[in-house]
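To start, the structure under review is shown below, and the notes come after it.
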Amino acid sequence: MLERTADFAFEDDPLCSTQPLWVYIGSVTEIADMDQTASPAQSGKLLGPPVRINYDGGVYIGMKKLVLIPIVLAVMVLAGFPLVFASHSTPFNGSFSGSFTMTSQTTATITGTGQLEHLGTTTFVALATVIGPASCQGGFTATEQDTFIAANGDKLFSSSNDIACPTSATTFHFTGSWTITGGTGRFEHSSGTGSVDVTGVETSSTSGTFSSTVTGTITY
């Protein structure tokens, strides 16, 4: 009589011998009437025909299932990070109108409302800074730091570089390029680029109105 406990994938188990694509994972607690005894150096493969084998309640697992386990785990990991793996670039277009107020000779605050793809009805707030003259007569260049606020409160941040050229004594035509720099909520890891076309009208020496169109792409 031999009693031994060993953990191994039991290749000579009756079920395993008839199901070659199955293995037993568990512990053998008793082996009786063996022609040969197994040694630890034999890596758990028992020699000789066993008459009686007791198990500790291990499980049989098909080899196909063993192969599928890492695949299932990978799918579960991917499902846990949809934003990271599902990001894609889509059109980002819209239009705005509002007003601006000069806060110094070179800075202005801009506010407005409009419609933007992926944001819907949107509030727009920006700070513009004049940085120098433009190549057009009487024009100037400026930078902007923009915040777009969606109806649900999610924010989208961007910066832009603009060129303004006068088209009349009180009207300017602005063109520029913008880059998305991030955001909050669903736009936290967003990016994108595009262009803006603006018409600005001075209504006083320090204020005016504007209307604009935005075209580009966004990834989030």
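With this note's numbering as the guide, the letters of the sequence shown map in order to residues 813 to 1032.
Idealized CB from N, CA, C, for every residue including glycine.
Keep in mind it's a predicted model, so treat the numbers as computed, not measured.
Check: Does DSSP put residue 997 in a helix, in a strand, or in coil?; Outcome: helix
Check: Which of the three DSSP states is assigned to residue 904 in this structure?; Outcome: coil
Check: Indicate whether residue 951 and residue 975 have their beta-carbon atoms separated by less than 8 Å.; Outcome: yes
Check: Between residue 957 and residue 938, is the Cβ-Cβ spacing less than 8 Å?; Outcome: yes
Check: Just the Cα atoms here: how many angstroms apart are residue 978 and residue 1009?; Outcome: 14 Å
Check: Would you say the segment 907-914 touches the segment 1018-1030, given that touching needs at least three Cβ pairs under 8 Å?; Outcome: yes
Check: Which residue marks the beginning of the beta strand (DSSP E) containing residue 1018, and which one marks its end?; Outcome: Residue 1018 -> no beta strand (DSSP E), and no H or E assigned at all.
Check: If we ignore side chains and look at the alpha-carbon of each, how far apart do residue 1027 and residue 900 end up?; Outcome: 17 Å
Check: Among residues of its own chain, excluding the 5 on either side of residue 982, which ones have a beta-carbon nearer than 7 Å to its beta-carbon?; Outcome: 1013 and 1014
Check: Taking the alpha-carbon positions, what's the residue 999 to residue 934 distance?; Outcome: 14 Å
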